[in-house]
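Residue 183 in the UniProt record's numbering sits at position 183 of the sequence shown, with consecutive numbering throughout.
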Amino acid sequence: MNKKNKIGVVIPALNEESSIAAVIGDIPPIVDVIVVVDNGSHDRTSELAEQAGAVVLHEPKRGYGYACTRGIHHLQSMGIEVVIFLDGDYSDHPEELPDLLTPIIEENFDLVIGSRMIGKRDKGALLPQALFGNWLAGFLINLIWGYKFTDLGPFRAIKMEKLLAMNMVEFTFGWTIEMQIKAAKMMLRTKEIPVSYRKRIGKSKVTGTLSGTVKASIGILSCLFRHASKKKL
């Protein structure tokens, strides 16, 4: 892959001291800057991320989308042209990052989703409620907008200009599905590629609890139906 763009990584993190250094350490050197956005940790996440070579930012408003937005603004100020998102719990495989970048850099795709559904995942890495939720969301997006997605996976790459044009407004559980819905509504060139997925280090903040699962489900479906009821972004 010939690098033609400035590339940045955003890693939202909440109490990931056991995994954050490993995540950063596995990111290939093709990346220009790594930003870890601490979303209110009370452990050594920030300290260890900084020691591992990341730029550490702090976002006091709790929510995945808030953390991502904080990181995006920083990368935008640095002239970053392609943004990659991945989790800080070491469930994603950062070494597969070039696979997400290739379609954007060499084939001019706008958004590339790393799909755990079509990739290799460890047994038990995705709980049944997550598997069903991903299937349902993909089915509804295809039904309403005609775009096929198999996953709402966090490991994804997108052109900065397209991301900014989306004017993202879902700052908690609806962040990933909002991006995919808006990609469909904007008729962007999207692609899914298989990615590997392993059991996370630590407990999931979303599907690891009943309350988290319920809140995430409500947030995702609410976002989907709001967009289905209006034509504009």
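Every residue, glycine too, gets a C-beta built ideally from N, C-alpha and C.
> Do you know offhand how far residue 190's Cα is from residue 114's?
Replying inline: If you draw a straight line from the Cα of residue 190 to the Cα of residue 114, it is about 11 Å long.
> At which residue ranges does the region 153-178 contain complete beta strand (DSSP E) runs of 3 or more residues, listed in the order of the chain?
Replying inline: Entirely contained in the region 153-178, the beta strand (DSSP E) runs reaching 3 residues are, in chain order, 156-159.
> At which residues does the beta strand (DSSP E) containing residue 13 begin and terminate?
Replying inline: Element bounds for residue 13: 7-13.
> Can you find at least 3 beta carbon pairs, one from the region 156-174 and one from the region 122-129, that sit closer than 8 Å?
Replying inline: Fewer than three Cβ pairs drawn from the region 156-174 and the region 122-129 lie within less than 8 Å of each other, which leaves the two stretches out of contact.
>> With a threshold of 8 Å, are at least 3 pairs of Cβ atoms found where one atom belongs to the region 33-52 and the other to the region 144-162?
In response: No, the region 33-52 does not touch the region 144-162.
> Going by C-alpha distance, which of 25, 221, 103, 16 is nearest residue 138?
Replying inline: When C-alpha distances from residue 138 are compared across 25, 221, 103, 16, the shortest belongs to 221.
>> So the candidates are 108, 184, 156, 91; which of them puts its Cα closest to the Cα of residue 201?
In response: The candidate whose alpha carbon is nearest that of residue 201 is 91.
>> Using only CA atoms, which one of 60, 25, 223, 111 lies nearest to residue 183?
In response: Per the Cα distances, 111.
> Can you give the Cα-Cα distance for residue 38 and residue 135, rounded to whole angstroms?
Replying inline: Roughly 30 Å separates the two Cα atoms.
> For the candidate residues 60, 228, 30, whose alpha-carbon lies nearest to that of residue 5?
Replying inline: Minimum Cα distance to residue 5 is reached at 30.
>> Cutting at 6 Å between CB atoms, please list the residues of its own chain near residue 67, excluding the five before and the five after it.
In response: Around residue 67, the same chain offers 12, 37, 39, 59 as residues with beta carbons nearer than 6 Å, after the five sequence neighbours per side are excluded.
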